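Peer 1: Pasting in a structure now, in structure tokens, and then I'll have a few things to ask.
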């Protein structure tokens, strides 16, 4: 069977579009020249249908989410939107956790934010991003981020794998040294950014550690696993109100 040159060109273009891939870094080191730890880098991307967007949780140490929102409510989860859940990463995490979503509708913008509340709402610090966003007019990324910075807190409702305009087929890939908390969480942050929530673990968020003034990580040997081998429990205290527990 023979194809005309035009047909071959169209097929090649379709394959290239389907196999496209981009990476968005979630968080960064505090000394990053691009704005510190509360950022998605790049903050905006262009991705046609079929593009696999890899969210790479590269902010070490840190705890962030990728939660779909809307232009009008940048720090509130979008009904029916995607949500990675929280990913906590320690200093020794390798390889880095990642989460893949595939673009299913490139005709409309996809907005997202980090819903972490500690030590203060990350969304209000400007930790938002967008895919296929307008570059002119009223709904630009700059306007979206300005709206986010004006927000007092960040919505905590849980999303899922399937979003609007983009969907994931699996939960984030979390290696040893990192902790996946899942999208189903309960946490609140009153004025001043002092948060309260449930104990950390799968399906929960960070728990505050009030009165603790340490900025260190300690390792505690836990009881041996009954299934032939032991395991370690690592308690990481990021600051006086922010901690995580991980098993590896």
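In the working numbering, the protein residues as written are 3 to 250.
The C-beta atom is built at its ideal place from N, Cα and C for all residues, glycine as well.
Note that the structure is predicted; figures quoted are calculated from it, not measured.
1. Expressed to the nearest angstrom, what Euclidean distance is found between the alpha-carbon atoms of residue 23 and residue 104?
2. Going by DSSP in three states, residue 200 sits in which element: helix, strand or coil?
3. What does DSSP give as the partner residues of residue 64 in its beta bridges?
4. In angstroms, rounded to a whole number, what distance separates the CA positions of residue 182 and residue 88?
5. Spatial neighbours of residue 125 within its chain, please: CB distance less than 7 Å, with the 5 preceding and 5 following residues excluded, ordered by chain position.
6. Cα separation between residue 61 and residue 128?
7. On the DSSP letters alone, give me the boundaries of the beta strand (DSSP E) that residue 118 sits inside.
8. What residues in its chain sit with their C-beta under 6 Å from that of residue 31, if we drop five residues either side in the sequence?
9. Are residue 28 and residue 84 touching if we call contact CB-CB under 8 Å?
10. Going by the C-beta, is residue 116 closer than 7 Å to any heavy atom of the ligand GDP?
11. Out of 86, 48, 112, 94, state which residue places its alpha-carbon closest to the alpha-carbon of residue 158.
12. Please report the straight-line C-alpha distance between residue 66 and residue 41, rounded to a whole angstrom.
13. Go ahead and label residue 138 buried or exposed: buried means 16 or more other beta carbons lie within 10 angstroms of its beta carbon, across all protein chains shown.
14. What does the Cβ neighbour count give for residue 94, buried or exposed, with the cut at 16 atoms within 10 Å?
15. Check whether the Cβ atoms of residue 91 and residue 63 lie closer than 8 Å to each other.
Peer 2: Based on what the coordinates show:
1. Along the chain shown, read from residue 1 onward, the residue named residue 23 stands at position 21. Along the chain shown, read from residue 1 onward, the residue named residue 104 stands at position 102. Going from the Cα of residue 23 to the Cα of residue 104 covers about 9 Å.
2. Working through the chain shown from its first residue, we reach residue 200 at position 198. At residue 200, the pLDDT of 32 sits below 50, so the modelled position is not reliable; the number obtained from the coordinates is stated separately. Coil.
3. Sequence index remark: in the chain shown, residue 64 carries index 62 (1-based). BP columns for residue 64 point to 91.
4. Taking the chain shown and counting its residues from 1, the one referred to as residue 182 is at position 180. Taking the chain shown and counting its residues from 1, the one referred to as residue 88 is at position 86. About 6 Å.
5. Counted from its first residue, the chain shown places residue 125 at position 123. 76, 77, 115, 116, 117, 150, 153, 156, listed in sequence order.
6. Stepping through the chain shown from its first residue, residue 61 is reached at position 59. Stepping through the chain shown from its first residue, residue 128 is reached at position 126. Distance between the alpha carbons of residue 61 and residue 128: 15 Å.
7. Within the chain shown, numbered from 1, the residue matching residue 118 stands at position 116. Residue 118 -> no beta strand (DSSP E), and no H or E assigned at all.
8. Along the chain shown, read from residue 1 onward, the residue named residue 31 stands at position 29. So no residue of the chain qualifies.
9. Indexing the chain shown from 1 puts residue 28 at position 26. Indexing the chain shown from 1 puts residue 84 at position 82. For residue 28 and residue 84, no; Cβs fall outside 8 Å.
10. Annotation note on the ligand GDP: not contained in the displayed structure, which lists no ligands.
11. Taking the chain shown and counting its residues from 1, one reaches residue 158 at position 156. Of the candidates 86, 48, 112, 94, the one whose C-alpha sits nearest the C-alpha of residue 158 is 86.
12. As a working mapping, residue 66 is identified with position 64 in the chain shown. As a working mapping, residue 41 is identified with position 39 in the chain shown. The straight-line gap from Cα to Cα measures roughly 10 Å.
13. Within the chain shown, residue 138 is the residue found at index 136, counting from 1. Classification of residue 138: exposed, given that the 10 Å Cβ count is below 16.
14. For the purposes of this step, residue 94 is taken as residue 92 along the chain shown, with counting starting at 1. Classification for residue 94: exposed.
15. Here residue 91 is taken as the residue at index 89 of the chain shown, counted from 1. Here residue 63 is taken as the residue at index 61 of the chain shown, counted from 1. Yes.
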